Every structure is written in C-alpha cells, then in structure tokens.
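Data first, discussion second: the structure below is written as structure tokens.
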Amino acid sequence: MISVDALLFDLDGTLIDSKLDLAHSVQYLQKMYGTPTSTEKQVAAFVGDGVGKLVQRALPELAAHDLDVAVGHFKQFYRKHCVEHTHIYPGVVATLKHFRHKKMAVVTNKPVRISGYILDHLKLSPFFQILIGGDSLPNKKPHPEPVLSALATLRILNPKRVVMVGDGPNDILSGRSAGTHTCGIFSNIGDARKLTNSRPDYEIKHLSELMRIFN
C-alpha cells in the first residue's frame, strides 16, 4: 500500500452524482435561448472545465460577448435546483470516514460558492479542511495551481505523499504536474476513454477501492 498524508478529490463524478441536475439546468438554458436541448449524456460531456466552458458547449452559436449573461442565467437556475437530484455515490461516506485522520480537500473546477453549498447540503463539508473551486484562483485544472494551492494550505511539503482523485483528465494532469500520485475513477459523468488516455497512476471504479491502495 502507498502511504499518503493527504487526499484531494474532484467533486462532480467523483464524490457526487450531479448529472441530472446539471442536465436539467443546461436544458433550461437551451430552451431559454431557443436552441435544441441536449441529452443527459451530451451534457455530461460538457462538464469538467468550469461553468464558462459548459455554457459555451451548451450554446455553441452564442456570441462571445453574450457569454457572461448566459452564464449568469445558468448559475441562477442551477443554484435553485442543484440538490434536487444530486446525491453522494455509494461508498463515499465510508471511504471519507476511513481516511478522516488524513488531511483532505476538494479541488474542483465548479464555482466555489455552489460547490460549498452542495457539500454543506449533503453533509460532506466536515470531512474537508479546504475547498478550491474553479473561480478560487487564476488557473483551473489541468493547470497545477489548484493542487499546489491545496498542498500549500494543507502544509504538505512532499507532493508524493498526496493523491489527487478524479474522473476526468483535468484531475490527472493537474495532479501529475503538481507531483502527486493520481487516481482516476470511472463515473457516469466523465469520459472513460479520455480518463484512461490521461494515464493515471491508478484506476478505480468505486471510491472505496482507495482503501486498498492507500493508507
């Protein structure tokens, strides 16, 4: 087993299944703008690079100067409906309890305010010392800055004593660039092929598998 001092987690597709609420919010936005609505599977492919990219992908014909307004509409609707169907994946709470003696953080490209709200609502916040969102720093994943910031805040000097866990290539690339171990988790949101192609150090299907890899 690999000994670590800290575990960093992505949010959507790693700790929580937010697919349906995200899909409903994207579909609402598309109807507002009079464009064809995407399926849940298509919306899942929009996720992972922050809310701006999600809206761009949902409304590909939208003029660049109209993006901020569209993002505002999306955020307003999503804030009201973000926990209607969103739930914790099986085994997540047991895994977090197992590692409770370690330092833990959420490092996501989702905006920090809504991420914190969801973590609070699902009663996951007490497990984590810090939360870094996509708007917390100048750079998002796959840039190493969010992971490096988490390590600095947690006072971790050796990144090889840390694992970054996520369901997308951005998580793997960010962790690798920051020098941590990387663990890819297959989810109903992330693209399995892209995840494998990003070459994580470890691959798992359920978060509980971390307990047999790390201690």
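In my numbering, the protein residues as written are 17 to 231.
Heads up, the beta-carbon is just placed ideally off N, CA and C, and yes, glycines get one too.
Predicted model only: the values in this text are computed from it and were never measured.
So what does DSSP say about residue i, is it helix, strand or coil?
i	result
Phe112	The sequence as given places Leu at residue 112; Phe does not occur at that position. Three-state result, Leu112: helix.
Lys96	helix
Asp82	helix
Lys91	helix
Asp183	coil
Leu223	helix
Lys119	strand
Leu24	strand
So, for residue i: in the same chain, excluding its five sequence neighbours on each side, which residues have a beta-carbon less than 7 Å away from its beta-carbon?
i	result
Gly50	none
Ile205	Asp28, Gly29, Lys35, Ala60, Val63, Asp183
Arg73	Phe62
Pro216	Ile188, Thr198, Cys199, Gly200
Ser224	Gly107, Ala110, Thr111
Ile134	Ile32, Cys98, Val99, Thr102
How about residue i and residue j: do their beta carbons lie closer than 8 Å?
i	j	result
Leu103	Asp33	Residue 103 is actually His in this sequence, not Leu. Yes, they are a contact pair.
Asn125	Gly64	yes
Asn174	Ser19	no
Leu211	Val181	no
Val178	Ala22	yes
Ser214	Pro185	yes
Thr55	Lys47	no
Ile172	Lys118	no
Leu170	Gln145	yes
Let me make sure I understand the geometry here. Which of the options has the alpha-carbon closest to that of residue i?
i	options	result
Ile148	Met48, Ser165, Pro142, Leu78	Ser165
Val67	Thr55, Gln92, Pro52	Gln92
Gly191	Val71, Leu31, Ala121	Ala121
Thr196	Asp136, Val109, Val163	Val163
Leu153	Val109, Leu23, Pro127	Pro127
Gln43	Val108, Asn213, Phe25, Leu70	Leu70
Leu45	Ala86, His222, Leu140	Ala86
Asp136	Val99, Pro158, Pro106	Val99
His114	His89, Lys139, Phe143	Phe143
His222	Leu138, Ala79, Tyr105	Tyr105
Phe25	Asp151, Lys157, Arg209, Ala208	Lys157
Beta-carbon within less than 8 Å of residue i's beta-carbon, same chain only, minus the 5 sequence neighbours each way: which residues are those?
i	result
Tyr94	Asp37, Leu38, Ser41, Ile130
Leu75	Leu45, Gln46, Tyr49, Thr51, Ala86
The ligand GDP heavy atoms versus the CB of residue i: any closer than 7 Å?
i	result
Val67	Absence of the ligand GDP is noted for the structure shown, with no ligands found whatsoever.
Excluding the 5 residues preceding and the 5 following residue i in the sequence, name in chain order all residues of the same chain whose CB lies nearer than 6 Å to its CB.
i	result
Ala194	Pro160, Val163, Leu164, Pro175
Leu218	The residue asked about is misnamed: residue 218 is Tyr in this sequence, not Leu. Cys199, Ile229, listed in sequence order.
Gly132	Leu147
(message) Threshold first: 4 residues or longer. Then list the alpha helix (DSSP H) segments lying entirely within the stretch 122 to 149, N to C.
(response) 128 to 137
(request) Just list the alpha helix (DSSP H) runs in the stretch 38 to 83, keeping only unbroken ones of 4 residues or longer that don't cross its boundaries, in chain order. (result) 56 to 62, 67 to 74
(request) Run through the stretch 156 to 219 for me and flag every whole alpha helix (DSSP H) of 4 or more residues, listed as ranges in chain order. (result) 161 to 169, 185 to 194, 208 to 213
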